[in-house]
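Q: Sequential numbering from 0 applies to the sequence shown in numbering that gives the first Met the number 0.
Take this structure, written in structure tokens, and hold onto it; I'll ask about it next.
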Amino acid sequence: MAAEEQSQQLSQQQQVPGEPAEGKAQWLGTDAARCKEMVDKATSRNPVVKFMLQKMEESGCGVGKEFIQVEKCDAEVGGGFRPPDGVVICHNHLGTQEEINHALTHELVHAYDHCRAKNLDWTNCQHHACSEIRAAALSGDCNFKMELLRGNVALRGQFRKCVRRRAELSVSMNPFCKGPRAAAAVDAVFDGCLQDTAPFDRIP
């Protein structure tokens, strides 16, 4: 697919779907100014967010001041990646510093994948699934505390279950991957993409 055509299609769907609501009765957000303050704090102080920004720079995809945008979002997500422009953080859906940190890391994984894989096609369900698996695994979306808050606790294998579940949720929001295509795409690439922890040496 031509890059221009893909860009137009992505523009129509606005952005690569980000962190889904999942388990929240309602989103407890904040105002744009407060959210911007927390974004600035994350990019200047959070070690994982700072590491992702550094690796973006080293990969030849420097992040300028306009790369991270704070917006009011209609979709029930915490943020999204809008290639090639940058990351969107939804101030009306995120209310704490921890939520901002996780959402930023999640979307920066997508941005990093878009940067390093020159042929990444977000309309390809398996391409999208791989990035969602990586984002769920590397961002803290599936750590014990987050899963406990969602009411998802198991003695064994909870991390993998969470990564798979959240990847399927995000991929299913892609208009090109509706219905059973989302689960099939995640299944097809799950093990290989979960093992791909770049730019980290291991899952943080």
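Every residue, glycine too, gets a C-beta built ideally from N, C-alpha and C.
(1) When burial is assigned at 16 or more other CB atoms within 10 Å of the CB, is E65 buried or exposed?
(2) Run through DSSP, which three-state label would A24 get?
(3) At the level of alpha carbons, what is the spacing between P82 and K54?
(4) Are the beta-carbon atoms of V69 and A110 separated by less than 7 Å?
(5) How should G63 be labelled, buried or exposed, when 16 other C-beta atoms within 10 angstroms of its C-beta is the threshold for buried?
(6) Using a threshold of 7 Å, state whether the C-beta atoms of P203 and V108 are closer than that.
(7) Please say whether G78 and A116 have beta carbons closer to each other than 7 Å?
(8) Report the rounded CA-to-CA distance for A24 versus K71, giving the unit in angstroms.
(9) Could you check the C-alpha separation between A136 and T196 for me, to the nearest Å?
(10) Contact check, H90 vs T29 under 8 Å by CB: the rounded distance?
(11) Based on the DSSP secondary-structure assignment, which residues constitute the bridge partners of E70?
(12) Please identify the residue among S171, N173, L147 and H92 whose C-alpha is closest to the C-alpha of C161.
(13) Give me whichever residues DSSP pairs with R81 in a beta bridge.
(14) How would you label R201, buried or exposed, when you count the other beta carbons within 10 angstroms and need 16 or more for buried?
(15) In or out: E57 buried (at least 16 other Cβ within 10 Å) or exposed?
(16) With 16 other CB atoms within 10 Å as the buried threshold, where does T42 fall?
(17) Using the C-alpha atoms, what's the distance from R133 back to G178?
(18) Measure the alpha-carbon distance for L52 versus R180 and round it to whole angstroms.
(19) My output table needs one value for V162: the three-state DSSP class, helix, strand or coil.
A: Taking the coordinates as given:
(1) Counting other Cβ atoms within 10 Å of its Cβ, E65 stays below 16 and is therefore classed as exposed.
(2) For A24, the predicted structure reports a pLDDT of 46, less than 50, and the residue's modelled location is therefore unreliable. A value from the coordinates is still provided. A24 falls in the coil class under three-state DSSP.
(3) Distance between the alpha carbons of P82 and K54 is about 17 Å.
(4) no
(5) With fewer than 16 Cβ atoms within 10 Å of its Cβ, G63 is classed as exposed.
(6) Against a cut-off of 7 Å, the Cβ pair of V108 and P203 comes out as no contact.
(7) no
(8) The pLDDT assigned to A24 is 46, lower than 50, so where the model puts this residue is not dependable; a value taken from the coordinates is nonetheless given after this. Roughly 18 Å separates the two Cα atoms.
(9) 8 Å
(10) 6 Å
(11) C89
(12) L147
(13) For R81, which the question treats as bridged, DSSP gives the partners G85.
(14) Taking every protein chain shown into account, the CB of R201 has fewer than 16 other CB atoms within 10 angstroms, so this residue is exposed.
(15) exposed
(16) buried
(17) 21 Å
(18) 32 Å
(19) helix
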